Amino acid sequence: MEAKAILRTARIAPRKVQIVLDLIRGKDYEIAMATVKNTPKAASEYLEKLLKSAAANAENNHNMDKNNLYVAECYVCPGPIMKRIMPRAQGRAYRILKRTSHITVVLKEKD
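See the structure below:
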């Protein structure tokens, strides 16, 4: 049995999220939550809400015990890219790519 939570089109680049996901992969839920809360990265806010959501899904939808949960899978995929322009000298325009992420967290119960 597994509980999943997905955040789509988060306004943060996937490479920034990947750093924090590597820290929590395979850890117990409580340890992963503490790690995310104490990591000074922009992705930590998104991942804290996502971990809480996955734990709530596990408890309410699958009747799993919150104390036995661990992060079985967590990954990030690139979402749609918003393209903007920055005016430059002599009438040129440079492109700015505002990247988004699709973040997935899967919690499973220890045997």
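Converting from the sequence shown to this note's numbering requires adding 48 to each position, the first position being numbered 1. The C-beta atom is built at its ideal place from N, Cα and C for all residues, glycine as well. Note that the structure is predicted; figures quoted are calculated from it, not measured.
What separation, rounded to the nearest whole angstrom, lies between the Cα atoms of residue i and residue j?
i, j, result
"Met112", "Ser149", "28 Å"
"Gly139", "Gly127", "31 Å"
"Asp159", "Lys52", "18 Å"
"Glu157", "Tyr118", "6 Å"
"Thr87", "Arg132", "30 Å"
"Leu99", "Arg63", "19 Å"
"Ala58", "Val154", "17 Å"
"Ala102", "Pro135", "42 Å"
"Ile129", "Asn105", "29 Å"
"Ile151", "Glu107", "21 Å"
"Leu145", "Ala137", "19 Å"
Could you check where the alpha helix (DSSP H) with residue i kicks off and where it finishes?
i, result
"Arg63", "62–72"
Residue i: which of the options sits nearest, CA to CA?
i, options, result
"Glu96", "Leu55, Arg136, Arg143", "Leu55"
"Leu69", "Arg136, Glu121, Lys146", "Glu121"
"Gly74", "Ser101, Asn108, Met130, Tyr123", "Tyr123"
"Glu78", "Asn115, Lys146, Cys125, Glu50", "Asn115"
Could you name the residues of the same chain whose beta carbon sits closer than 8 Å to that of residue i, not counting the 5 residues immediately before and after it, in chain order?
i, result
"Ile67", "Lys89, Ala91"
"Ala141", "Ile133, Met134, Pro135"
Considering only residues of the same chain and omitting the five flanking positions on each side of residue i, which have a CB-CB separation below 6 Å?
i, result
"Thr83", "Leu71, Ile72"
"Asn109", "none"
"Asp76", "Tyr118"
By Cβ distance below 7 Å, which residues in the same chain neighbour residue i in space, the five residues on each side in sequence not counted?
i, result
"Ile60", "Ala90, Ala91, Tyr94, Ser149"
"Ala80", "Ile72, Leu99, Val119"
Start-end ranges of the beta strand (DSSP E) lying completely within the stretch 102–132, minimum 3 residues = 117–126
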